[in-house]
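Colleague: Residue numbers (this note's numbering), protein chains in the order written: chain Y, 292 to 802; chain W, 292 to 802.
Quick reminder that beta carbons are idealized off the backbone N, C-alpha and C, glycines included.
Laid out in C-alpha cells, this is it:
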C-alpha cells in the first residue's frame, strides 16, 4: 500500500477550523501521510499539526446549497466543485479533543474525510509514524534500555510481589507441579502468602470451563486466595465512553450530571483499582507476606494492581526516572497489549472487542495519588496526559505493538525513537516535574473512600473547560521554586520527615 | 440566670477524648460558663478549648456496669459514683467536628451533658461569650467602622445594582407610587433595567395572598422581570444536613455516595446561586443595564446574589479588606438574620424554623470562584472556614444579632470585639492571604456547568479526611512567595494582564 493511494485531495484552501472555547481559524488544509496541517491565512502565523493517528472518529455532513454536477470523465476534481456546496467534518480525537472543519466543495470534503478515515486506521505497525519520524535532537536507540529487567531483579532479590496469568487447571482440575514448587520456594516454613485474584470467585470458577481456573487450596496450603473483582474489557471501555460523552455535554442540570457520572461507573473503577492496590500493599507492608497478583491473562488488571502497589510502597517508583522504569517493566515489558487496547478511544463507533482503557485507569489512579500527596511524586499531571496521548497516538515507538515479541519482529527499538529519550531531554523534562516534590521515604496510603475520589478534570475536561488559570498557577509555583532553590530543599526535607503520613482509618482494610 | 446554676459538675478527672483520625487523649475535663476545657494528664501538655456555643448536638450513652446507688440527701456527688458505671458523650459541633468523651461516673456524665446542652443554647445575646471576651492585644471599638456605608455610596454614585424586599402589592394589587418613582429615577428615557426575583413566578404570585407580590409590568414599563428560583429556609437546611451526614459516612460504595451527594442537592444550590449571580453580573456588565434583586424579605437569597455579583465584577471586593467591607455591607448591615439562621448547624435535632445555611452557601460559592481563579482573590480557603466558624460560634461580636437595630440595642459595637480587628492584626492576617494573589482588574466569569462545580472538601471533609498534605503544600507555596518577593510581583502583574479571562461559552446566558 502506498499512502498516496489514500490521499485523493491533498490540499484545500479556505477551510474554517473551529474548536470549543477558541477563536475560529481560516486557512489552507493539507493532508500528508501522517498529519493533517492547517496554516492560517493570510498571515500563516498559526499552524495546527494533528497526527492523523490521533483521530478516533470522523463525522461528515455535506450541504449541497446549489445543484450538483457529476464529475465528467477525464475532468479535474476542481470542475466538480459546485458553487455553494460545502461540507463539515467533525474530528473526534483519541485525546478527547474535537475539531470542526468547514470545507468548501462537497467532493473535497468527502475526499478529505475518507483519507482521514483510512489513514487513521492503518493496521500495519511498520507503516506508522514512529518508523518515519527522525527528530534532529535525538539519535536512534537512545533511551531504549532505561532499566534492564535483570538490574531490577537484582535490586529486589527479596521481592515478594509477583504477578502471573491464571493457572490452567481447567475442568479436570489439573495440577502443575512446577507452579506449586515455584510458589513453594518463595515462602519459608510457617510463612504465608496471598494470591490476589482480580476476578470474582464466580468468574474464576467459570474460567475452568475454558481451560483456566485458580489455585486449589490443597495444592497451595501456605497461600490464601482473595478475590477482588476489577472490571476490564468491554464494560471498562463503555464506562470511558459514557464519561467522555457526559463531560462534553452542555447545559446539564446538576442531577443529571451526577446521575450520569454515577451511571458511567468510572469513579467506581478508580476506587476499586486503588483499593485492590492498597490491599496488595498492605499484605506486603503490614503483614510482611508475599503476594501473587493475577487475573486471567495477567496483562491488564494484574498490571494495574502491581504497578499501583509499587507506587504506594516504593519511593523509588515515584521519581520521574523510577516511574519510567515502572512503566517499562510493569506495562510495556509485562506485555500489556497497547496496540489492541488503545486502538480506539472514547468516540469511535467502529469498536473492536479488544479495546479497553486500562492504562488510562492506571493514569487516573496515579493522578488521585498525586492529588492526595502533592509532595511525594516527582512528576505532575502533564506527564500523565502526555503518556495517555502517546499510548493512543505517538511519534515514538515506546507504546507500539502488544508485547516484546512483536516489538522485536518489527524492530521497534532499532527503527523508532523512544519516548523516554525525548522526555528526558533537559528542557523537555522541566515540563513534567512537580515543583513541590520532596523525597518521601514512606509508604503513601491513599484514602479510597468515595468522598476522597475526584473526577480527573485535567484529563476529562481538558478541551472543554479553560484551565489556563490553573496551568498558570502551576507555572508560577514552578518559577517560585526555581528562584528559591537549594536552601529550601533542605528545610523541606526536614519538614517532611516530621510529618509522617499516617494511613487514614478507612484504608486499614484496603477498602 | 447565673451560669453557675447550669454547671452541676465543674470538673471530672480521667476523661478520655477521642476524635476521628487523631490519637485519643486522657485528662481532666472542666466546664466553665463558655468553654469546655480538657487538659491532658499526666503532663498537661495538650489543652483542648472548645467554645460551648460551637456544640450543635449532644448525644449521651451511659453504661451502668455495677449497681446504681441513688444519691443520699446531703451527700456529695462523689458519693453517688458507682464503681464501674460510666458514660459516653458525643459532641457534634456546628463546624462539623465530632468529639467523644468517655466519662467515669454516670451521674457526672449526665451532669456534664446537661450543662453543655444548657450552655450551648443560652438565648440571651448579652450572655454570650463576646460580651465577656477581652483579648489583651485588642481594644474595644477597634475595627467596627471598616467602611461606613456613606463612603461606599459615594464611590458608587452610578451604581446600578440594587436590592430590596418584595413589593407589598397584596391580593388587591396595590401600587406604591414612591417605589415606582424611585425606580423611575434610576433609568433615563430609553434605558431598561432588570428585576431579578429569586423566587419562582408561581411563588411570587402566591406571595400576594399574604400581602407581598411582585412588580406589575404596567407600573414599571422600563423594567423586565426575570425569575430565578433559589431555595432558602427548610429545604436548604435539609440539604446541608444530608450532605454533612453522607460526608461522614464510612465505607460507602461509589454509587451510594454519588446518589446521596445528588440527593442532598447541595451542589445544585451552589450552581443555581452562581448562575443567578452571573445573570445579574451580565445584565450590569454586558447589557449596561441597572439591576434590582429581591426575593421575599431581601435578607437571604437576595444578599447571596448581590454579594456574589459584586465579587465577580469588582476587583476591589476581591481583596481581603474589600471582602470584609462586602460582608459588612451586603450581609451584616443588610440585615441577614445571623442569629436565627446560624443558631444550629447540620447535626441538631432541635431544629427551629428559621435556620438556613445561606451564608455557608455564599462561602461555598466564593470557594468555587477561588478554585477557578486561583490568582484573583487575595484571601484563601482559611478565611472562608474562619468566617463560617465565627458566624456559628464566636468570641467576637461581628455576627451577633439579626440586624443593626438589635446590635444597637445590645450595644454590640461598644461591648464586644470586632472579628475584623482580630483578623487584621499583621501576624494573624498572614494566615488568610492567598500567596498567589495578583490584582486582576477584569470581570471573573466562572464556569457554572455542573462538571466544573466541586464538593468543597476543605469544609465538608475538614475533620474527616486528613488534609495535612494539602495544607502543607499551601504553607510551602506561601513560604516560597515570601522568599521571592518584589521582583516577582512585577512580572506576575505583567503576565496576568496578558491572559485575559474570556467568559466560558457556557456562561453566556447565565447558565
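#1: Specify, as a first and last residue, the run of the beta strand (DSSP E) that residue 304 of chain Y falls within.
#2: Going by C-alpha distance, which of W:314, W:769, W:658, W:518 is nearest residue 747 of chain W?
#3: Does the Cβ-Cβ distance between residue 637 of chain Y and residue 643 of chain Y come in under 8 Å?
#4: From the DSSP output, read off the bridge partner residues of residue 477 of chain W.
#5: Between the C-alpha atoms of residue 683 of chain Y and residue 557 of chain W, what's the straight-line distance to the nearest angstrom?
#6: At the level of alpha carbons, what is the spacing between residue 354 of chain Y and residue 346 of chain Y?
#7: Tell me which same chain residues have a C-beta within less than 8 Å of the C-beta of residue 742 of chain W, skipping the five on either side of it?
#8: Could you say which of Y:337, Y:403, Y:385 lies nearest to residue 296 of chain Y if we only look at CA atoms?
#9: Hey, is residue 737 of chain W's beta-carbon within less than 8 Å of any beta-carbon in chain Y?
#10: Which residues mark the beginning and the end of the beta strand (DSSP E) in which residue 585 of chain Y is found?
#11: Based on DSSP bridge pairs, tell me the residues matched to residue 354 of chain W.
#12: Tell me where the beta strand (DSSP E) around residue 318 of chain W begins and ends.
#13: Can you find a C-beta in chain W that's less than 8 Å from the C-beta of residue 696 of chain Y?
#14: Quick check on DSSP: helix, strand or coil for residue 744 of chain Y?
#15: Kindly indicate the opening and closing residues of the beta strand (DSSP E) around residue 736 of chain Y.
#16: What residues match up with residue 348 of chain Y in a beta bridge as DSSP calls it?
#17: Give the DSSP-derived three-state secondary structure of residue 510 of chain Y in the structure shown.
#18: Could you give the residue range of the beta strand (DSSP E) that holds residue 340 of chain W?
#19: Please list, in chain order, the chain Y residues whose beta carbon lies closer than 9 Å to that of residue 386 of chain W.
#20: Identify the residues that DSSP records as bridge partners of residue 391 of chain W: which are they?
#21: Tell me which residue opens and which closes the alpha helix (DSSP H) that residue 486 of chain Y is part of.
#22: Identify, in the order they occur along the chain, each residue of the same chain with its Cβ nearer than 6 Å to the Cβ of residue 303 of chain Y, setting aside the five sequence neighbours on each side.
#23: Using a threshold of 8 Å, state whether the C-beta atoms of residue 567 of chain Y and residue 489 of chain Y are closer than that.
#24: What is the DSSP secondary structure of residue 620 of chain Y, reduced to helix, strand or coil?
#25: Evaluate residue 498 of chain Y with the Cβ neighbour count: other Cβ atoms within 10 Å of its Cβ, from every protein chain shown; 16 or more gives buried, anything less gives exposed.
#26: Following the continuous alpha helix (DSSP H) through residue 325 of chain W, name the residue where it begins and the one where it ends.
#27: Name the DSSP bridge partner or partners of residue 651 of chain Y?
#28: Could you check the C-alpha separation between residue 234 of chain W and residue 723 of chain W for me, to the nearest Å?
#29: Give the straight-line distance between the Cα atoms of residue 648 of chain Y and residue 528 of chain Y, rounded to the nearest whole angstrom.
#30: Under 8 Å by Cβ, that's how I've got residue 681 of chain Y and residue 628 of chain Y pegged, so tell me the actual separation to the nearest angstrom.
#31: Of all the CB atoms in chain W, is at least one closer than 8 Å to the CB of residue 370 of chain Y?
#32: Using a C-beta to C-beta distance shorter than 9 Å, which residues of chain Y count as neighbours of residue 652 of chain W?
#33: Which value, in whole angstroms, describes the spacing of the CA atoms of residue 711 of chain W and residue 615 of chain W?
#34: Helix, strand or coil for residue 670 of chain Y? Go by DSSP, reduced to three states.
#35: For residue 411 of chain Y, does the three-state DSSP call read helix, strand or coil?
#36: Please list the terminal residues of the continuous alpha helix (DSSP H) segment that includes residue 549 of chain W.
Modeller: The structure says:
#1: Here the question's residue 304 of chain Y lines up with position 13 in the first chain. Unbroken beta strand (DSSP E) run through residue 304 of chain Y: 302–310.
#2: Position 456 of the second chain, counted from the first residue, corresponds to residue 747 of chain W. Comparing Cα-Cα distances from residue 747 of chain W to each of W:314, W:769, W:658, W:518, the minimum goes to W:658.
#3: As a working mapping, residue 637 of chain Y is identified with position 346 in the first chain. As a working mapping, residue 643 of chain Y is identified with position 352 in the first chain. No. Outside cutoff.
#4: Translated into the one-based positions of the second chain, residue 477 of chain W becomes position 186. In DSSP, residue 477 of chain W forms no bridge with anything.
#5: Counting from 1 along the first chain, the entry for residue 683 of chain Y is found at position 392. Counting from 1 along the second chain, the entry for residue 557 of chain W is found at position 266. C-alpha separation (whole angstroms): 38 Å.
#6: Counted from its first residue, the first chain places residue 354 of chain Y at position 63. Counted from its first residue, the first chain places residue 346 of chain Y at position 55. Straight-line Cα distance between these residues: approximately 23 Å.
#7: As a working mapping, residue 742 of chain W is identified with position 451 in the second chain. So no residue of the chain qualifies.
#8: For the purposes of this step, residue 296 of chain Y is identified with residue 5 of the first chain, where counting begins at 1. Of the listed residues, the one whose Cα sits closest to residue 296 of chain Y is Y:403.
#9: Here the question's residue 737 of chain W lines up with position 446 in the second chain. Not closer than 8 Å to any Cβ of chain Y, the Cβ of residue 737 of chain W fails to qualify, so no.
#10: As a working note, residue 585 of chain Y is residue 294 in the first chain. Residues 581–585.
#11: To locate residue 354 of chain W, count along the second chain from 1; it is residue 63. Per DSSP, W:377.
#12: In the second chain, residue 318 of chain W corresponds to position 27, counting from 1. Where residue 318 of chain W is concerned, the enclosing beta strand (DSSP E) stretches over 313–322.
#13: The sequence position of residue 696 of chain Y within the first chain is 405, counting from 1. Chain W, which has no Cβ nearer than 8 Å to the Cβ of residue 696 of chain Y, makes this no.
#14: Mapped onto the first chain, residue 744 of chain Y falls at position 453. In the structure shown, residue 744 of chain Y sits in coil (DSSP, three-state: anything other than H, G, I, E or B).
#15: Taking the first residue of the first chain as position 1, residue 736 of chain Y is located at position 445. Element bounds for residue 736 of chain Y: n/a, residue is neither H nor E.
#16: Along the first chain, one-based indexing puts residue 348 of chain Y at 57. Note: residue 348 of chain Y sits in a beta bridge opposite Y:383.
#17: Here the question's residue 510 of chain Y lines up with position 219 in the first chain. Of the three classes helix, strand and coil, the one that applies to residue 510 of chain Y here is helix, per DSSP.
#18: On the second chain, residue 340 of chain W is found 49 positions in, with the first residue counted as 1. Note, residue 340 of chain W: beta strand (DSSP E), 338–342.
#19: The sequence position of residue 386 of chain W within the second chain is 95, counting from 1. Neighbours of residue 386 of chain W on chain Y: none; closest Cβ ~17 Å, over 9 Å.
#20: Counted from its first residue, the second chain places residue 391 of chain W at position 100. Its beta-bridge partners are W:309, W:381.
#21: For the purposes of this step, residue 486 of chain Y is identified with residue 195 of the first chain, where counting begins at 1. Here residue 486 of chain Y belongs to no alpha helix (DSSP H); instead the beta strand (DSSP E) covers 484–488.
#22: If you number the first chain from 1, residue 303 of chain Y lands on position 12. Around residue 303 of chain Y: 320, 394, 399.
#23: Counted from its first residue, the first chain places residue 567 of chain Y at position 276. Counted from its first residue, the first chain places residue 489 of chain Y at position 198. Cβ distance < 8 Å, so residue 567 of chain Y and residue 489 of chain Y count as in contact.
#24: By one-based count along the first chain, residue 620 of chain Y stands at place 329. Helix.
#25: On the first chain, residue 498 of chain Y is found 207 positions in, with the first residue counted as 1. Label assigned to residue 498 of chain Y: buried.
#26: Within the second chain, the letter at position 34 stands for residue 325 of chain W. It is not in any alpha helix (DSSP H) - residue 325 of chain W carries neither H nor E in the DSSP assignment.
#27: Your numbering for residue 651 of chain Y matches position 360 in the first chain. None; residue 651 of chain Y has no bridge partner.
#28: No answer is possible for residue 234 of chain W: the residues shown for chain W start at 292 and end at 802.
#29: On the first chain, residue 648 of chain Y is found 357 positions in, with the first residue counted as 1. On the first chain, residue 528 of chain Y is found 237 positions in, with the first residue counted as 1. Between residue 648 of chain Y and residue 528 of chain Y, the C-alpha separation is close to 6 Å.
#30: For the purposes of this step, residue 681 of chain Y is identified with residue 390 of the first chain, where counting begins at 1. For the purposes of this step, residue 628 of chain Y is identified with residue 337 of the first chain, where counting begins at 1. 16 Å between Cβ atoms; not a contact.
#31: In the first chain, the residue the question calls residue 370 of chain Y occupies position 79. Bear in mind that a pLDDT of 43 at residue 370 of chain Y, under 50, signals an unreliable position, so the model cannot answer this.
#32: Within the second chain, the letter at position 361 stands for residue 652 of chain W. Those do not exist, as residue 652 of chain W stays about 14 Å from chain Y at its closest Cβ, beyond 9 Å.
#33: Position 420 of the second chain holds residue 711 of chain W. Position 324 of the second chain holds residue 615 of chain W. Distance between the alpha carbons of residue 711 of chain W and residue 615 of chain W is about 7 Å.
#34: As a working note, residue 670 of chain Y is residue 379 in the first chain. Here residue 670 of chain Y sits in strand by DSSP.
#35: Against the first chain, residue 411 of chain Y aligns to sequence position 120. Residue 411 of chain Y falls in the helix class under three-state DSSP.
#36: Walking along the second chain from the start, residue 549 of chain W turns up at place 258. Run containing residue 549 of chain W: 545–555, per the alpha helix (DSSP H) assignment.
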